[in-house]
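Have a look at the structure below before the remarks.
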Amino acid sequence: MAHQAHTIPWGVVSSNFKFTSKSRRHGDETNLFPRKNPAQGKELMYFARGFAQAVEYMSRSEREKYPPQYEVAGPDDLLIDDVTESKIRSTVRRYRAANNGRAESGSCPKPCPVTYVHGCTCPLSPEDRSILPWILVSNFQWCLEYPSPHEDSTELLKALLLHGQMETLLRIAAQPSASIKTIWWPASCRGEIGWGELMRSTLMSYICLNVLFLKPETYDATARAAYLQNEHREPPTTAEDLDYRKTKGYVKMLRRCTSQTAYDVHLYPHREFFGISADRFSGHRLQDNNFAMPAAHNPHGYMPLRSDIPAVIRHLQRKGLPLELVMEVLDHAEYIARRRLPIAEDPLHVENAEELRNYLKYCWKLLIWCDLLANEIGKKINWAIANVGYSSHRRRLPRTGIQWQLYRNKVINIVCALFLLPALGLGHIDRRGVLSKFNVVRSSLIDNTTTALQVGNGNFAFNVDNTGMQTFLPFNTLSSWGWHKDSLPTNGEKISDYHGVEQLTHGRNVSYDIPDPNLPEVSQWLIANPNRVNLGRIGLTYKNAAITASQITDPKQELNLWDGTITSTFKVNGKAVKVITQGDFESDAVAFDIKSDLISSGDLKVELDFPYPPIHSTTYKFEVFVGVYDFPENHTTSIVDTSNRRIPSAHIYHEMQETKYFVNLRWPSSSSSNLQLTRNEPAGSKAVTAHRYTLAPRGSSSSTMTFTAHFSPEKCTPDLPSAIQKRNKKGWNEYWSDGGFVDLTASTNPNATELQRRIVQSQYHVRVNSAANGQSTQESGLMNNGWYGKFHMEMVVWHNAHWSTWGRQKYFDNIFPELYETLLPSSQARAKSMGWEGARWPKMTELVSQGNSPGGINAVLMWQQPHPMYMAELAYQASPTRETLRRWDNVITASADYMASYAWKNVSSGYFDLGPPAYGVTENTPPNESLNLAYEVSYWRYGLDVARKWKNRLHQPIPKKWTTVAENMALPPQVGGLYADYEGVNISWWEDPKLTGDPRSMIMLQGMLPDTPAVDQEVALRTADKVWEVWTDDKVAGWGRPVLAINSARIGNPERAIYHLTAYDYWFFDDAGFASRGNNSGTPPPFISGNAAFLYSVAYLAGGWQGSHGNAPGFPKNAGWVVKQEGLLKAL
74 MAHQAHTIPW GVVSSNFKFT SKSRRHGDET NLFPRKNPAQ GKELMYFARG FAQAVEYMSR
134 SEREKYPPQY EVAGPDDLLI DDVTESKIRS TVRRYRAANN GRAESGSCPK PCPVTYVHGC
194 TCPLSPEDRS ILPWILVSNF QWCLEYPSPH EDSTELLKAL LLHGQMETLL RIAAQPSASI
254 KTIWWPASCR GEIGWGELMR STLMSYICLN VLFLKPETYD ATARAAYLQN EHREPPTTAE
314 DLDYRKTKGY VKMLRRCTSQ TAYDVHLYPH REFFGISADR FSGHRLQDNN FAMPAAHNPH
374 GYMPLRSDIP AVIRHLQRKG LPLELVMEVL DHAEYIARRR LPIAEDPLHV ENAEELRNYL
434 KYCWKLLIWC DLLANEIGKK INWAIANVGY SSHRRRLPRT GIQWQLYRNK VINIVCALFL
494 LPALGLGHID RRGVLSKFNV VRSSLIDNTT TALQVGNGNF AFNVDNTGMQ TFLPFNTLSS
554 WGWHKDSLPT NGEKISDYHG VEQLTHGRNV SYDIPDPNLP EVSQWLIANP NRVNLGRIGL
614 TYKNAAITAS QITDPKQELN LWDGTITSTF KVNGKAVKVI TQGDFESDAV AFDIKSDLIS
674 SGDLKVELDF PYPPIHSTTY KFEVFVGVYD FPENHTTSIV DTSNRRIPSA HIYHEMQETK
734 YFVNLRWPSS SSSNLQLTRN EPAGSKAVTA HRYTLAPRGS SSSTMTFTAH FSPEKCTPDL
794 PSAIQKRNKK GWNEYWSDGG FVDLTASTNP NATELQRRIV QSQYHVRVNS AANGQSTQES
854 GLMNNGWYGK FHMEMVVWHN AHWSTWGRQK YFDNIFPELY ETLLPSSQAR AKSMGWEGAR
914 WPKMTELVSQ GNSPGGINAV LMWQQPHPMY MAELAYQASP TRETLRRWDN VITASADYMA
974 SYAWKNVSSG YFDLGPPAYG VTENTPPNES LNLAYEVSYW RYGLDVARKW KNRLHQPIPK
1034 KWTTVAENMA LPPQVGGLYA DYEGVNISWW EDPKLTGDPR SMIMLQGMLP DTPAVDQEVA
1094 LRTADKVWEV WTDDKVAGWG RPVLAINSAR IGNPERAIYH LTAYDYWFFD DAGFASRGNN
1154 SGTPPPFISG NAAFLYSVAY LAGGWQGSHG NAPGFPKNAG WVVKQEGLLK AL
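For what it's worth, our numbering labels the leading residue of the sequence shown as 74, then goes sequentially.
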């Protein structure tokens, strides 16, 4: 249930409070009370200041998403546009129906009246949507003496806040006559109505839920049992006494956050979350309270779930009631589906974890929005003082110092969206400040051996040279959806003739996906197809000719990490050019803003060109520049006319056999930005320039070109560049503000700066390259093609596990389990065709054919099979809900069925063995001799144990075969008191350079693999020390460094762990922060697997793993390392 926000020092607060029940002083009152700690005042002040810094920092970041100033609106201007009105409509109708007598249904006159008339169903009239209601707001008056516009405007303002309509609110705040400040904190004899009450109710809800969550004995059965066992007091505390719902703090919070008042829009989200119906509690001073609640009463809600409504309707209909009568019964019963919690009345129940996390994240946003609006109107919220305790809003808190004694019986006001985090690195991190130190800056021209800079969103990436485009280097435009199939072999071989190659496996012939020597061209076609395509090149031309590197001088390029913006300045033949390049978080588009006097003179234009995929022999296994321009007749392009002449746009259609897509172009409608798209060559041309197009001003003297290029299988009108630029900045700001962060800038160790650079730049690269929906990335990401653009299933942990441990679970959830669900049918068919049950996951694949590319290693690699269990455990750790269990169950079951079916019973030993044939992690053992590879048999046991645990969590029966195989799996082989690579080798294997050239599987037993009964920790420790001796720096490549660091941290050797991550001479990250594979692998950079695995290892070292203790357990406690971290979740 880790939540994404900035760090608040929870350890400080938790240690200063204890749960007390049945005390002499307080009788039967239960609550959290301050401990007798002499340093309590200082510690709680430290917390309060940390919280204040977090809110203020987030508020400033949020404000930067909007224009710095807004124009004053005229009386006829609509401040609330149609989009905003549609978002707040239901809320406005709800409160107006309750308080103003407006009907929620009825006839609506057309056109809508300027002011409200009885029976109109328009939630807001044109007058309501203008500046007038805000001008009419009067100064605060007691009781009922102030005018009704005051009340209505306040509720409207709160509705806008609830829906996050900050653009509208900032426009209102910009009006000199709109006094939002007036309605900040008023009260009346009819109830609280100020929008400050929205902040306060949200604040109080956070207080209670977060503080109580830090006391698991109040809601978790296991923690409660341990607490009672260790407590010795008279009279003894009972389990019922420990129920958090009986604490005074919880009762008071629930009453305050859900009690009905005359004007209670601010309570809507809280009532909905807690499941409190409209008349459950009343705060109305002139109305009898129908629920007089004693101090320690358990205020359980009873509002039904949304899913309950259809069930009740079906039940009543089965009883014979017509639907009309059913709906009337529900209406009279006020049976409104607004409760969200799956387990009613118990917000901290484990099954409610997902809803609780979403609710707290929403509340955090509300607080930020409140602070932003308050700052905009010149009202400073002193969060550090506001955090002291609950008091009436009329009571002014002390402005100098904090009088803790006045509030010792109060629950400290903890408002933080980040929780369930032990032992945090304390102190607020200025994330933007850290990032700004490591923006990528290039001041010299790159060549074809240099990685490009990128903009993108995980599904799409546009790669640029020094010009911010693809001008003198034909870098790629790659996507998750752009694939192509080569033409079929012409030598008479047929794809349908390929059935794999049979190999004797434990007494029977099994067909494996191995290249068939009798079908060499078909085998290669299956290996290489489909392959990822380059969607097109967009660059600049000078005087209608290509710009060469020799024509460019004074290049300066900067990638701003915080905003995700590339700014490039340079000169062409002495004339200045500036290009700003930004991607889009919501579509596969890139926006350009080009400025130069060369545009107005007609010398500088934009060129688009389209390559064609060659026949993918082994020569094209790795493509730095994807596609060639030598086959213009093999594909077609054309300008597709648009039917909407009012929107300046153009469309290029590209067809390559089955692969078809559009490049949708759009630019602003202003005359100074009017552009024209023309084709350079006539259709059917055989020239290499046959598919080039020019985009240039249409006879304008403007020195600016601004346009969007959107790549899609569909023809559509893309958003304007301004919209994409705004969305891009907002998206990147949110990305950096959410999730985990590690700050090493206070360290004095000489390696800290470079390590910090690699950390932040890697986080940018994984967001651009590894965040596709429902699929994992190839090892070179979206920069170029490796292995024909396909991804490797054994690498999904290294590519994606970091999303979870870095607190960015939504990216993890965008990929899993959808990836496995997509491949499940074909994987089940594969297993069945080979004579096994369940699902046999492929090694090298893509989501078009879903096949396993034939290969000697691809056919028998094993360690990708238990990956679903590992990834599912990460998902469950982040969201321990029944929905997580249900969603992953089919994948887990199919995986375990295969693993139990594949393992064969060795009659002589009585154990279940794996292989041969088999390849393990290191792919360097003889496959026909590799029996019981050490890591694979251990991982197999772990996977089956997780599968059994999964069924237990679901209260489902565990298949007997799973237990039989798991508890009788062969153990990892040992020779001479150390683990051995596979069964059958002797102690001399440590002297075999082929095997010791990469023995990483030995350290993975205490590296990636969580603790399992299969692994003897002492033997694993001795083996790790042996690997340290034989695996020399010059041999470590790929993701070897990260796994070495993880292993070293887990065996209690942080000095060795940090050595592996700072061996910069052996593991190279280029100037842009892209990892190399290393060790002269022959594969071109980048190695995105390395960046992602590196981040996973940093999370291990800084955030810890299950069973670790303290802050940054993988970093040395001396040697000048100062590690601040926030938002990290423990690894498995």
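Yeah, the Cβ is synthetic: ideal placement off N, Cα and C, and Gly gets one too.
Only a predicted model underlies this, so the values are computations on that prediction, with no experimental measurement involved.
Inset, instruction - Consult DSSP for Leu-698 and reduce its assignment to one of helix, strand or coil. - result: Note that residue 698 is Phe in the sequence shown, not Leu. Reduced to three states, the DSSP call for Phe-698 is coil.
Inset, instruction - Give the range of the beta strand (DSSP E) segment to which Lys-567 is assigned. - result: Element bounds for Lys-567: n/a, residue is neither H nor E.
Legend entry - Residue burial classification, Ala-948 (beta-carbon count within 10 angstroms, cutoff 16): buried
Legend entry - Where the beta strand (DSSP E) containing Met-729 begins and where it ends: 722-729
Inset, instruction - Decide if Val-839 is buried, meaning its Cβ has at least 16 other Cβ atoms within 10 Å, or exposed. - result: buried
Inset, instruction - Please report how far the alpha carbon of Leu-1078 lies from the alpha carbon of Asp-1054, in whole angstroms. - result: Separation of Leu-1078 and Asp-1054 (C-alpha to C-alpha, rounded to the nearest whole angstrom) is 11 Å.
Legend entry - Top-ranked residue by Cα proximity to Asn-73, from Thr-732, Thr-578, Tyr-130 and Lys-1034: No answer is possible for residue 73: the residues shown for the chain start at 74 and end at 1205.
Inset, instruction - Please list, in chain order, all residues of the same chain as Ile-1031 whose beta carbon is under 6 Å from its beta carbon, the five residues on each side excluded. - result: Arg-1021 and Lys-1024
Inset, instruction - Could you tell me the boundaries of the beta strand (DSSP E) in which Asp-444 lies? - result: First-last for Asp-444: 426-449, but that is the alpha helix (DSSP H), not the beta strand (DSSP E).
Inset, instruction - Tell me, please, whether the region 1139-1158 touches the region 830-837 by the rule of three or more beta-carbon pairs shorter than 8 Å. - result: The region 1139-1158, when compared against the region 830-837, does touch it at the 8 Å Cβ threshold.
Inset, instruction - In angstroms with no decimal places, state the Cα-to-Cα distance between Thr-654 and Tyr-1008. - result: 46 Å
Inset, instruction - Look at Trp-1063 and Met-1042 and say whether their C-beta atoms are less than 8 Å apart. - result: no
Legend entry - Residue burial classification, Leu-205 (beta-carbon count within 10 angstroms, cutoff 16): By the neighbour-count rule (16 or more Cβ atoms within 10 Å), Leu-205 is buried.
Inset, instruction - Under 6 Å Cβ to Cβ from Ser-596, same chain only, skipping five residues before and after it: list those, please. - result: Residues of the same chain with a CB within less than 6 Å of the CB of Ser-596, apart from the 5 flanking positions on each side, are Pro-588, Asp-589 and Pro-927 in chain order.
Inset, instruction - Please state if the CB of Leu-152 and the CB of Ser-226 are separated by a distance shorter than 8 Å. - result: Their beta carbons are not under 8 Å apart, which means Ser-226 does not touch Leu-152 by this criterion.
Legend entry - Beta carbon of Thr-781 nearer than 8 Å to that of Leu-793: yes
Inset, instruction - Flag this pair as touching only if the region 228-237 and the region 275-284 have three or more C-beta atom pairs under 8 Å; answer yes or no. - result: no
Inset, instruction - State the beta-bridge partners of Asn-521 as determined by DSSP. - result: According to DSSP, which records beta bridges pairwise, Asn-521 is partnered with nothing at all.
Legend entry - Short Cβ contact (8 Å threshold) for Ala-769 with Leu-748: yes
Legend entry - Endpoints, alpha helix (DSSP H) assigned at Met-272: 269-286
Legend entry - Cβ-heavy atom distance, Leu-315 to the ligand FAD, below 7 Å: You won't find the ligand FAD in this model; it holds no ligand whatsoever.
Legend entry - Proximity below 8 Å, CB of Ser-820 to CB of Trp-1194: Contact flag set, yes.
Inset, instruction - Please confirm whether Leu-892 and Ser-843 have their CB atoms less than 8 Å apart. - result: no
Inset, instruction - Compute the Euclidean distance between the alpha carbons of Lys-1203 and Ser-952, then round it to the nearest angstrom. - result: 13 Å
Legend entry - Range covered by the beta strand (DSSP E) that runs through Phe-533: Note, Phe-533: beta strand (DSSP E), 533-537.
Legend entry - Straight-line Cα distance separating Leu-301 from Phe-1160: 52 Å
Inset, instruction - Could you check if Lys-916 is buried or exposed, using at least 16 other CB atoms within 10 Å of its CB as the buried criterion? - result: buried
Legend entry - Nonlocal neighbours in the same chain, by C-beta distance under 7 Å from Gly-700, ignoring five residues either side: Val-606, Asn-607, Pro-684, Tyr-685 and Pro-686
Inset, instruction - Just mark Thr-751 as buried or exposed, buried being the case when its beta carbon has 16 or more other beta carbons within 10 Å. - result: exposed
Legend entry - Ala-991 beta carbon less than 8 Å from that of Ser-974: no
Inset, instruction - Report the rounded CA-to-CA distance for Phe-346 versus Leu-414, giving the unit in angstroms. - result: 7 Å
Inset, instruction - Identify whether Glu-680 lies in helix, strand or coil by the three-state DSSP scheme. - result: strand
Legend entry - Assumed close pair Asn-931, Asp-586 - CB separation to whole angstroms, cut-off 8 Å: 6 Å
Inset, instruction - Tell me whether Ile-653 sits in a helix, a strand or coil according to DSSP, three-state version. - result: strand
Inset, instruction - Work out the CA separation of Thr-818 and Thr-878 for me, nearest whole Å. - result: 21 Å
Inset, instruction - Could you say which of Gly-1016, Ile-245, Ser-1170 and Phe-985 lies nearest to His-579 if we only look at CA atoms? - result: Closest option to His-579, Cα to Cα, is Phe-985.
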